[in-house]
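Engineer: Please find one structure pasted underneath; my questions will follow.
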Amino acid sequence: MKNLSHLFVTILIGITPFFAAAEDSLPVRTDTAIQILQKIAISDKPIPQVVLDEAVGVAIVKIVRGGFIVGGQHGNGIILKHLGGGKWSAPLAFDMGGGSFGAQIGGDVVDYVFVLNNDVALEMFTSSNEVKFDAGAAATAGPDNATANKKDLPGKSIYVYSTTDGAFAGATVGGSYIKVEPEVNQATYGMEVTTEQILSGKVKGLPSSKKLVALLNGKS
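Numbering (mature numbering (1 follows the signal peptide of the UniProt record, and there is no 0)), first residue to last: -22 to -1, 1 to 198.
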């Protein structure tokens, strides 16, 4: 029985990276991002279209809290740069973790959409180095009034939306890190691809990116 237990553990350790890699892929992340946007769109606090139209970019991530996660929480997501005229870049993979996500959340999974309103915010999320996210200084809970117009928008670098009620009360995300994941991007787009190329629009997006872009442009 002990030998069988050891064998099971060995097999589990061996196959875990395979499943983790599959779940970590850009196609899977893109499908997850689509689901997150769809849920927020039909929630009590949808993202006003003017917010997305004026955005420089968006970062969409699923955060898992607690359990066996070192640092308390961790998530994999994607970033898209707004190129104007209804065009968005191909998805860029990034990693987010550590710190404290949300205000006293009881659940273990929270979905976030970070609307990036200027180049400083975009650079924070797409830096080649690990960057600490100072949400208190940069972010606020996003406006949710469907009739909002440009002159009514808060003057923060980042707006934050979530699929969990109250998950971003006071827009408090403290001490977390953000890091682009070149290995995930290269696994999809090729070994020579760079962050700059992906964000510039020179890299062709995934087939599922069309649905994602349609949602960002207010089309279902």
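Backbone N, C-alpha and C define an ideal beta-carbon position, used for all residues, glycine too.
Contact defined as beta carbons within less than 8 Å: I believe G179 pairs with K65. What is the distance between those atoms, to the nearest angstrom?
Structural biologist: As a first step, residue 179 is located in the sequence shown; it is residue number 201 there, counting from the start. As a first step, residue 65 is located in the sequence shown; it is residue number 87 there, counting from the start. Rounded, the Cβ-Cβ distance is 7 Å, consistent with contact.
Engineer: Ignore the nearest five residues each way along the sequence and tell me which others in Y139's own chain have a CB closer than 6 Å to its CB.
Structural biologist: Taking the first residue of the sequence shown as position 1, residue 139 is located at position 161. Closer than 6 Å at the Cβ level, and outside the excluded window around Y139, lie I18, I25, V91 and G120.
Engineer: State the Cα-Cα distance for the pair D89 and I14, rounded to the nearest angstrom.
Structural biologist: Locating residue 89 in the sequence shown gives position 111, where the first residue counts as 1. Locating residue 14 in the sequence shown gives position 36, where the first residue counts as 1. For D89 and I14, the distance between alpha carbons rounds to 7 Å.
Engineer: Restricting to Cα atoms, I'd like to know which of G55, I176, N123 and V158 is closest to I41.
Structural biologist: Within the sequence shown, residue 41 is the residue found at index 63, counting from 1. Here the closest residue by C-alpha is G55.
Engineer: Which value, in whole angstroms, describes the spacing of the CA atoms of A192 and D9?
Structural biologist: Within the sequence shown, numbered from 1, the residue matching residue 192 stands at position 214. Within the sequence shown, numbered from 1, the residue matching residue 9 stands at position 31. Cα-Cα distance, rounded: 13 Å.
Engineer: Are the beta-carbon atoms of V93 and L177 separated by less than 8 Å?
Structural biologist: Mapped onto the sequence shown, residue 93 falls at position 115. Mapped onto the sequence shown, residue 177 falls at position 199. No.
Engineer: Have a look at S105 and Q16 and give me their C-alpha separation to the nearest angstrom.
Structural biologist: Translated into positions along the sequence shown, residue 105 becomes position 127. Translated into positions along the sequence shown, residue 16 becomes position 38. Going from the Cα of S105 to the Cα of Q16 covers about 28 Å.
Engineer: So the beta strand (DSSP E) I136 belongs to, where does it begin and stop?
Structural biologist: As a working note, residue 136 is residue 158 in the sequence shown. Unbroken beta strand (DSSP E) run through I136: I136 to S140.
Engineer: Whole angstroms is fine: what's the gap from V87's alpha carbon to M169's?
Structural biologist: The sequence position of residue 87 within the sequence shown is 109, counting from 1. The sequence position of residue 169 within the sequence shown is 191, counting from 1. Approximately 32 Å, taken between the alpha carbons.
Engineer: Run through DSSP, which three-state label would T8 get?
Structural biologist: Taking the first residue of the sequence shown as position 1, residue 8 is located at position 30. Residue state, collapsed to three classes: helix.
Engineer: Over the uninterrupted beta strand (DSSP E) stretch that includes V87, give me the two end residues.
Structural biologist: The residue given as residue 87 occupies position 109 in the sequence shown. Segment V87 to L94, the beta strand (DSSP E) holding V87.
Engineer: Short check: CB of D22 to CB of V162, under 8 Å?
Structural biologist: Counted from its first residue, the sequence shown places residue 22 at position 44. Counted from its first residue, the sequence shown places residue 162 at position 184. Their beta carbons are not under 8 Å apart, which means D22 does not touch V162 by this criterion.
Engineer: What does a CB cutoff of less than 6 Å around D122 pick up in its chain, not counting 5 residues either side in sequence?
Structural biologist: Within the sequence shown, the letter at position 144 stands for residue 122. For D122, where only same-chain residues beyond five positions count, the Cβ hits under 6 Å are K23.
Engineer: Under three-state DSSP, which class holds D22?
Structural biologist: For the purposes of this step, residue 22 is identified with residue 44 of the sequence shown, where counting begins at 1. Three-state DSSP puts D22 in coil, outside helix and strand.
Engineer: Roughly how many angstroms lie between the CA atoms of K188 and A117, to the nearest whole one?
Structural biologist: As a first step, residue 188 must be located in the sequence shown, where it is residue number 210. As a first step, residue 117 must be located in the sequence shown, where it is residue number 139. Going by the C-alpha atoms only, they are around 28 Å apart.
Engineer: Is the distance from the Cβ of L4 to the Cβ of T166 below 8 Å?
Structural biologist: On the sequence shown, position 26 is the one that residue 4 refers to. On the sequence shown, position 188 is the one that residue 166 refers to. In contact: L4 and T166 (Cβ atoms closer than 8 Å).
Engineer: Can you tell me the Cβ-Cβ gap for V158 and V171, rounded? I've got them flagged as a contact below 8 Å.
Structural biologist: Counting from one through the sequence shown, the residue named residue 158 turns up at place 180. Counting from one through the sequence shown, the residue named residue 171 turns up at place 193. Their Cβ separation, rounded to whole angstroms, is 12 Å, which puts V158 and V171 out of contact at 8 Å.
Engineer: What does S154 pair with, by DSSP beta-bridge criteria?
Structural biologist: Within the sequence shown, residue 154 is the residue found at index 176, counting from 1. BP columns for S154 point to G76 and F111.
Engineer: Between the beta-carbon of I12 and the beta-carbon of S186, is there less than 8 Å?
Structural biologist: Stepping through the sequence shown from its first residue, residue 12 is reached at position 34. Stepping through the sequence shown from its first residue, residue 186 is reached at position 208. Result yes, Cβ atoms of I12 and S186 sit closer than 8 Å.
Engineer: Going by other Cβ atoms of all chains shown within 10 Å of its Cβ, with 16 needed for buried, is K134 buried or exposed?
Structural biologist: Taking the first residue of the sequence shown as 1, we reach residue 134 at position 156. That one is buried.
Engineer: Put L193 into one of helix, strand or coil per three-state DSSP.
Structural biologist: Position 215 of the sequence shown, counted from the start, is the residue given in the question as residue 193. If DSSP states are grouped into helix, strand and coil, L193 belongs with the helices.
Engineer: Flag this pair as yes or no: are the beta carbons of N95 and V28 separated by less than 8 Å?
Structural biologist: One-based indexing of the sequence shown puts residue 95 at position 117. One-based indexing of the sequence shown puts residue 28 at position 50. The answer is no: Cβ separation not under 8 Å.
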